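Visitor: This note's numbering puts the first residue of the sequence shown at 8, with every later residue one more than the last.
Glycine included, every Cβ here is placed at the ideal spot set by N, Cα and C.
From a predicted model like this one, the values you see are computed outputs, not experimental measurements.
Let me begin by handing over the structure; questions about it come next.
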Amino acid sequence: MRISTRGKNAIKLMLDLATYNHGEPVRLKDIAKRQNISEKYLEQIVAVLHKAALVKSIRGAHGGYVLNQMPEKYTVGQILKAVEGDMSPTDCVGENGTLCENKATCVSYRLWEKLDKAINDVLEGITLADMLEWQDELLVDQYVI
């Protein structure tokens with residue numbers, strides 16, 4: 008399993024929305040500038056996140072995007088699965104695992120099953136709110152008098 012640039016940028020986009028949404032929609036142009044990501048590329052990502060009902064689009068002169076829920080309601084796994092699909096390490100385990108004829112006697116299957124569980128536990132155990140806390144800690148650590 009390798010998380011693509013699209014997946015990493017989806018996390019950045021969601022984190023930016025959580026950080027800069029002060030009761031007002033956040034414009035993609037502003038996110039693109041802050042995150043140093045092409046606005047066109049962000050449009051593709053936000054379309055997928057919108058379709059997955061993770062973000063809401065607000066039209067108009069003061070429009071943009073907002074999170075559909077509070078940051079603590081989003082897991083990293085939920086965000087990544089929306090843009091990446093199944094996050095399983097192999098095709099024989101996970102939500103879309105193919106039926107393996109040798110499953111009962113395959114030693115490797117146990118490894119892939121444990122790895123899949125570990126990956127899901129981490130991805131589903133970290134929320135956007137957790138990442139906001141980490142971001143705040145980094146900012147405090149960088150503050151110099």
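Exposed or buried, what is Glu-120 when buried is set at 16 or more other beta-carbons lying within 10 Å of its beta-carbon?
Guide: Under this definition Glu-120 is a buried residue.
Visitor: Alpha carbon to alpha carbon, how far is Asp-137 from Ala-54?
Guide: Computed Cα separation, rounded: 24 angstroms.
Visitor: Just to confirm my understanding: we take Ser-11, look at its own chain, exclude 5 residues before and 5 after, and list those with CB closer than 7 angstroms. What are they?
Guide: For Ser-11, where only same-chain residues beyond five positions count, the Cβ hits under 7 angstroms are Glu-91.
Visitor: Who are the near neighbours of Asn-75 in its chain, counting only those whose CB is closer than 7 angstroms to its CB and skipping five residues on each side?
Guide: Correct list, in chain order: Ala-60, Leu-61, Val-62, Lys-63.
Visitor: Helix, strand or coil for Tyr-72? Go by DSSP, reduced to three states.
Guide: In the structure shown, Tyr-72 sits in a strand (DSSP, three-state: E or B).
Visitor: I'd like the span of the alpha helix (DSSP H) that includes Lys-19, first residue to last.
Guide: Unbroken alpha helix (DSSP H) run through Lys-19: 12 to 27.
Visitor: Give every residue of the same chain whose Cβ lies closer than 7 angstroms to the Cβ of Leu-130, excluding the five residues on either side of it in the sequence, and list them in chain order.
Guide: So the list reads Thr-82, Val-83, Gly-84, Leu-87, Met-94, once near-sequence residues are dropped.
Visitor: Should Ala-153 be labelled buried (16 or more other beta-carbon atoms within 10 Å of its own) or exposed?
Guide: Given a span of 8 to 152 for the chain in the structure shown, any question on residue 153 remains unanswerable.
Visitor: Have a look at the DSSP bridge pairing and note the partners of Val-62.
Guide: DSSP output for Val-62 lists Leu-74 as bridge partner(s).
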